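Report on the following structure.
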Amino acid sequence: MAAKDTYIAVETPPLASGSPAPENSQQKPKPASRKSPATSGRKLGRKALLAINFGSVAAGLGAWTALSAAGVVGLPGPVEVLIRAGEVFADGTLAEDTGASLARVLSGFLLGSLLAVPVGFLMGWYQVGRAIIEPWVQFFRTIPPLALLPLVMVTMGIGETPKIFVIFLAAFLSCVISTYQGVVSVDKTLINAARVLGADSMIIFRRVVVPASSPFILVGMRIGLGAGWATVVAAELIAAPNGLGMRMQQAQQFYDMPTILVNVIVIGILGLLMDRLLLMIEAHLTRWQERR
Amino acid sequence: MTTTTSKAMIRFEDLRQEFTLTGNTFTALDGVSLDIADGEFVTVVGPSGCGKSTMLNAAAGLLDPTSGRVMVDDREVDGPSTRTGVIFQQYALFPWLTVRKNVEFGLELKKVPAKERRVIVDHYLELVGLTRFAEALPKELSGGMKQRCAIARAYAVNPEILLMDEPFGALDALTRVHMQEQLLKTWTQERRTVMFVTHDVDESVFLASRVIVMAARPGRIFKEIKIDLPYPRTEEMRLSDEFARLRTQVWEAVYHQPGVAEAHQ
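Residue numbers (UniProt numbering), protein chains in the order written: chain Y, 1 to 292; chain W, 1 to 265.
As structure tokens, this is what we get:
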């Protein structure tokens, strides 16, 4: 089964099973209490890496300032963009646009993930379910959700529905594949262990398959959120009364570069924040996993 | 010391197991018949591919025999049941549950009241020496501790028999010796019928009152060797001449079977 399934693997978190590495029973169980020189070396390096991160960002900002000062492509400088950011923040457009975009992403993402989890389980748990669903998922996966936008707008109009629908689709497709991957890669020994302790299929599903595949589901949700965020901005470029993407489209017509850049930066920061948030949730929910 | 009630707790009756892999059918076990008495500790040893794990899985109800059957306490095995505790080489602890929750898992399924569960879990954690680690996650444990947790989990549901599939196979030699001693100690305190599969000749002799040597292609019982060393087994016994003699006997049965030399060249 593995060979057949690998081509749809999106991102594979470490397996949920315990690693069978030979270890000595005498050693202390807390890894922190016996830090090897290699680990402490990596800790030191991390601080240095963070400093390099900051240096890199500062250098980027410097290069940007230099480029705009040199008058390349009429690029506004960081200060100009910051001033414009203050303006759109003060007059409320930024909050309105951010709120509109976020609302679209979150509703599409939540609907998509909510549906993806049961469908992914159905695919992974029942052969018939997989046979029915897999061709559709595989087919729609190859179509960028945005490519469906014209069709969706013709059938659903230009309101909120078509935008939320394409985001829903983007989030659903990435999450469903990952959930399915999680279910089929549950360690068979864990299932057998539950069976010999008296578990029936329902209990195995609820108490073994669901927790064992949760790392996969969370990875799928993260990818889904990223896909949803990428999709919303593009969807708003086409037709929307508000939103970060729409505001950029509008600014483009007035050759208003600072506004475009403000929105680009806000989109980047929000995307990053949402990803970090999900990453934190993921790390918390899967802290039982052995990390390599 | 060995309980010599003639009653067979585990009985293999002319067991035959075939598998089909990529269109080819091969016989993992052929005509295996064996009685394991109530309270007996039997080890099964043999070259890889001799079907020793298949035999154990059939007794655990994790496999459907092609023909023949396995009886546990005079009832035919037709699926996994809490009469049978299984300990796997890969520990198979639920990594998202703490040590305590792992041991408690089977008791929860049996709907044992919470208060009672606590008492039982505490008892078995103490028996395997994991009391201090009750709230630890499996990833925080060493291999030996993980397997002790798995042993406590198997014991907790109070099975009639314990099936162990190379439980110490992934441990280093030193830890393995400790684990063998501790297992025998646990077994002496809470006597169960044990079938223990291993590929380690020393281990098979040290633990068992009877060693079953298997042969491969097709998997079958090749020889039975009685281990007349008294329990409790000690370190001195492990170093004794009698142990060495039995070890040689088992070794020869495992490594000098007709056909083995050719198959490994």
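We treat Cβ as the ideally placed atom computed from N, Cα and C, and that holds for glycine. As the structure is a computational prediction, the values presented were derived from the model and not from experiment.
For W:A8, the three-state DSSP class (helix, strand or coil): Reduced to three states, the DSSP call for W:A8 is strand.
Counterpart residues of W:Q17 in DSSP-defined beta bridges: Answer by DSSP bridge pairing, in chain order: W:L29.
CB contact below 8 Å: W:L130 versus chain Y: W:L130 does not count as touching chain Y.
Own chain partners of Y:K163 with C-beta closer than 6 Å, once the 5 adjacent residues on each side are dropped: R104, A235, listed in sequence order.
Cβ distance (whole Å) where W:I161 is taken to contact W:T43 below 8 Å: Rounded to the nearest angstrom, the Cβ distance from W:I161 to W:T43 is 14 Å, too far for a contact under 8 Å.
W:G68, enclosing beta strand (DSSP E) - first and last residue: Counting along the chain, the beta strand (DSSP E) containing W:G68 begins and ends at 67-72.
Three or more C-beta pairs below 8 Å linking the segment 121-133 of chain W and the segment 144-151 of chain W: Touching, per the Cβ criterion.
Straight-line Cα distance separating W:G169 from W:L141: For the pair W:L141 and W:G169, the Cα-to-Cα distance works out to about 17 Å.
Chain Y contact residues for W:F168, given Cβ-Cβ distances below 7 Å: Going along chain Y, no residue has its Cβ under 7 Å from W:F168, so there is no contact; the nearest lies around 10 Å.
Completely contained alpha helix (DSSP H) runs for the segment 103-131 of chain W, where each covers 4 or more residues: With a minimum length of 4 residues, the continuous alpha helix (DSSP H) runs that stay inside the segment 103-131 of chain W are 114-127.
Own chain partners of W:V250 with C-beta closer than 7 Å, once the 5 adjacent residues on each side are dropped: Taken in chain order, the residues that qualify are V45, V201, S204, V205, V211, V213, I225.
Chain Y residues whose Cβ lies nearer than 8 Å to that of W:T84: What W:T84 touches in chain Y: V196.
Buried versus exposed call for Y:R276 [16 or more other C-beta atoms within 10 Å across all chains shown]: By the neighbour-count rule (16 or more Cβ atoms within 10 Å), Y:R276 is not buried but exposed.
Separation of Y:I223 from W:F105, as counted between CA atoms: Computed Cα separation, rounded: 33 Å.
For Y:I217, the three-state DSSP class (helix, strand or coil): It is helical.
Chain-ordered neighbours of W:W251 on chain Y, where CB pairs are closer than 7 Å: Those do not exist, as W:W251 stays about 23 Å from chain Y at its closest Cβ, beyond 7 Å.
Cross-chain neighbours of W:L109 in chain Y, by beta carbon under 8 Å: For a Cβ distance threshold of 8 Å, residue set L197, G198, A199, I203 of chain Y lies close to W:L109, ordered along the chain.
Proximal chain Y residues relative to W:A60, where beta-carbon distance stays under 7 Å: Below the 7 Å Cβ cutoff, chain Y contributes V196 as neighbours of W:A60, in chain order.
Three-state secondary structure assigned by DSSP to Y:I143: Collapsing the DSSP output to three states places Y:I143 in coil.
Neighbouring residues, chain W, relative to Y:V73 (Cβ below 8 Å): Listed along chain W, no residue sits closer than 8 Å to Y:V73 by beta-carbon distance, the nearest being about 53 Å off.
Simplified DSSP assignment, three categories, for W:E76: Here W:E76 sits in strand by DSSP.
Near-chain W residues of the segment 206-240 of chain Y - C-beta to any C-beta below 9 Å: Cβ contacts with chain W: R207, V208, P211, A212, S214.
Outcome for Y:S56 when other beta-carbon atoms lying within 10 angstroms are tallied against a minimum of 16: Note on Y:S56: under 16 other CB atoms within 10 angstroms of its CB, so exposed under the neighbour-count rule.
The segment 149-159 of chain W contacting the segment 79-94 of chain W, beta-carbon criterion three pairs below 8 Å: They touch, by the three-pair rule.
W:R153, enclosing alpha helix (DSSP H) - first and last residue: The continuous alpha helix (DSSP H) containing W:R153 extends over residues 143-156.
8 Å Cβ cutoff, W:A134 in contact with chain Y: W:A134 does not count as touching chain Y.
Whole-angstrom distance between Y:V186 and Y:I265, CA atom to CA atom: Distance between the alpha carbons of Y:I265 and Y:V186: 40 Å.
Cβ pair W:T186, W:I151 closer than 8 Å: In this structure, W:I151 lies closer than 8 Å to W:T186 by Cβ.
Contact list for residue 305 of chain Y against chain W, beta-carbon separation under 8 Å: Given a span of 1 to 292 for chain Y in the structure shown, any question on residue 305 of chain Y remains unanswerable.
Contact belief for W:F19 with W:V70 at Cβ below 8 Å, rounded distance in angstroms: Contact between W:F19 and W:V70 does not hold, since their C-beta atoms are separated by about 17 Å, which reaches or exceeds 8 Å.
Where W:N57 sits in the DSSP three-state scheme: W:N57: helix per DSSP, three-state reduction.
Minimum C-alpha distance to W:V103 - residue among W:F88, W:E181, W:P113, W:D122: Measuring from the Cα of W:V103, the nearest candidate turns out to be W:D122.
W:K111 to Y:A199 span [Cα, whole Å]: Computed Cα separation, rounded: 12 Å.
Alpha-carbon to alpha-carbon, W:D78 and W:R16: Computed Cα separation, rounded: 15 Å.
Nearest-angstrom Cα separation, counted from Y:Q127 out to W:H231: Sequence inspection shows Tyr at residue 231 of chain W; the His mentioned does not correspond to that position. Their Cα atoms are separated by approximately 51 Å.
Per-residue DSSP class, three states only, for Y:L49: Three-state result, Y:L49: helix.
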